[in-house]
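Working notes, structure below.
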Amino acid sequence: MPQNYLNADLHCHSVVSDGTLTPEQLAQRAAARGVDLWALTDHDEVGGQHRAAAAANAAGIAYLTGTEISVTFADSTVHIVGLGFDADNAALTQGLYDTRHGRGPRAREMARQLEQAGIGGAYEGALRYAGNPELISRTHFARYLVEAGVCSDTYDVFRHYLTEGKPGYVGHTWASLKDAMQWITGAGGLAVIAHPARYDFSANLEYALFSEFKQLGGEGVEVVTGSHRPHEYQTYAGIAKEFGLAASRGSDFHSPEESQIDLGELPPLPSQLTPVWELLHERIQRP
Ligand code: AMP
Ligand code: MN
Ligand code: MN
Ligand code: MN
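Each residue of the sequence shown is one higher than the last, beginning at 360 in my numbering.
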């Protein structure tokens, strides 16, 4: 480990979105696994932020506020992580509320497609996992399909259902990149492109995403994430340097049963990159 090494994990999900642990359970798990600086980044939600910060500090670790915003860019879904913002900012909370709003009707359409594929009860089943129609995501449907015995695990689900061209996939228009960036930066936060290797963009479109992101005030990109394969760390380290972006690190942990990478477990960022947390000193909530 490099000197002054900080085990930062700045991407994960709680029951406030599509994770299975509470913010308090995650804080304790992060602390127990050696995380020094943690952020909870629920999808389009900041409802867990005060609990997460309090639990992190109680467990002796530092905290940054976080969220992962669903964005539509060039007809595809892109995720933008916001870090270090004021979680009570009105424009941010309203923007996230509006972004979540379409999830209920989308879920009904997903269930209708699954019904046609011979799988009944999916809306009610997914809702039982989500607790609230506004929060229903594909992850909750995936849990129901496992419970119903349709698939053996959630990885199997995403191979046969819920992805483009498969039953239960319903395209959706999320926030615009411009709005999402404005909500994050307007609330004093720093915007990060989440898991860039996961998007099916041509080289031209990927360049357009990074250029537009940078122009809109974006400052970071996830390089080491549980959603990247190790060879992709180097690719995005290069892109971070090319675009003058700081680098982030996060497990994208959702559940002890479902996630292959646990909190705090990833390798360090490649050297010569500026970690995003160096740009966020004043926003870190310390115990
Ligand atoms: P949604 O926001 O409803 O489209 O759901 C997206 C969530 O589904 C992601 O945050 C992941 O948790 C999960 N997900 C999507 N695609 C996959 C996949 N191929 N494998 C595992 N999880 C996935
Ligand atoms: Mn998720
Ligand atoms: Mn994501
Ligand atoms: Mn995520």
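Don't be surprised by glycine CBs; every beta carbon is placed ideally from N, CA and C. Quick caveat: nothing in here was measured; it's all calculated off a predicted structure.
Should E427 be listed as close to ligand 4, given that the test is whether its C-beta is under 6 angstroms from any heavy atom? Yes, the Cβ of E427 comes within 6 angstroms of a heavy atom of ligand 4.
So, is Y520 buried or exposed, given that buried needs 16 or more other C-beta atoms within 10 angstroms? So Y520 ends up on the buried side.
Does the Cβ of A411 lie closer than 6 angstroms to at least one heavy atom of ligand 3? Taking the Cβ of A411 as the reference point, every heavy atom of ligand 3 lies at 6 angstroms or farther away.
Proximity of P382 and G406 at Cβ, strictly below 7 angstroms: With respect to G406, P382 sits apart: the two C-beta atoms are not nearer than 7 angstroms.
I428 versus G477 - alpha carbon distance: Each residue's alpha carbon lies about 32 angstroms from the other.
Give me the residue from R497, T431, A398 with the minimum Cα distance to F560. It is T431 whose Cα lies nearest to the Cα of F560.
Count the CB pairs spanning the stretch 590 to 606 and the stretch 361 to 381 that are closer than 8 angstroms, and state whether there are at least three. Contact annotation: the stretch 590 to 606 does not touch the stretch 361 to 381, with fewer than three C-beta pairs closer than 8 angstroms.
In chain order, what residues of the same chain have a beta carbon less than 7 angstroms from the beta carbon of G419, not counting five sequence neighbours either side? Once the five neighbours on either side are set aside, the close Cβ partners of G419 are A390, P646.
Near ligand 4: D401 beta-carbon under 6 angstroms from a heavy atom: D401 Cβ: outside cutoff for every heavy atom of ligand 4.
Please confirm whether P615 has its beta-carbon closer than 7 angstroms to some beta-carbon of chain C. The structure shown contains no chain C; it holds only a single protein chain.
For T400 versus T379, is the C-beta spacing smaller than 7 angstroms? No Cβ-Cβ contact shorter than 7 angstroms links T400 with T379.
Note the first and the last residue of the continuous alpha helix (DSSP H) segment covering E571. For E571, the enclosing alpha helix (DSSP H) has its first and last residue at 562 to 574.
Sub-7 angstroms separation of H499 and Y488 beta-carbons: Annotated as proximal: H499 and Y488, with beta-carbon spacing under 7 angstroms.
Which runs of the alpha helix (DSSP H) fall wholly inside the stretch 469 to 508 and span at least 4 residues, in chain order? Within the stretch 469 to 508, the alpha helix (DSSP H) runs of at least 4 residues that lie entirely inside it are, in chain order, 481 to 489, 497 to 506.
Proximity of R410 and L622 at Cβ, strictly below 7 angstroms: No, these two residues do not count as a Cβ contact at 7 angstroms.
Using CA coordinates, which residue listed in Q453, V582, P615 is at the minimum distance from S709? Summary: the structure shown does not reach residue 709, with the chain confined to residues 360 through 646, and so no result is reported for it.
Host beta strand (DSSP E) of A319 (start-end): No statement about residue 319 is possible, as the shown extent of the chain runs from 360 to 646 and does not include it.
Determine the burial state of D471: buried for a count of at least 16 other Cβ atoms within 10 Å of its Cβ, exposed for fewer. Correcting the residue type first, residue 471 is Arg in the shown sequence and not Asp. Exposed, by the Cβ-count rule.
E427 in three-state terms, based on DSSP: Under the three-state reduction of DSSP, E427 is assigned to strand.
Would A421 be called buried (16 or more neighbouring beta carbons within 10 Å of its own) or exposed? Buried.
Span of the beta strand (DSSP E) around H438: Where H438 is concerned, the enclosing beta strand (DSSP E) stretches over 435 to 442.
Could you spell out where the alpha helix (DSSP H) holding V516 opens and where it closes? Unbroken alpha helix (DSSP H) run through V516: 513 to 519.
Hey, would you say D395 sits closer than 7 angstroms to L365, going by beta carbons? Result yes, Cβ atoms of D395 and L365 sit closer than 7 angstroms.
For D512, verify whether its CB is less than 6 angstroms away from any heavy atom of ligand 4. No, the Cβ of D512 stays beyond 6 angstroms of every heavy atom of ligand 4.
For ligand 1, enumerate in chain order all residues having a CB closer than 5 angstroms to any of its heavy atoms. Counting only residues whose CB is nearer than 5 angstroms to a non-hydrogen atom of ligand 1, the list in chain order is S496, R497, T498, F517.
Distance, V374 Cα to R467 Cα: Spanning the two alpha carbons is a distance of roughly 21 angstroms.
Using 10 angstroms around the beta-carbon of G454, count the other beta-carbons present and answer buried if the total reaches 16, otherwise exposed. Flag for G454 reads buried.
Could you pull the DSSP bridge partners for S535 from this structure? Beta-bridge partners of S535 (DSSP): T431.
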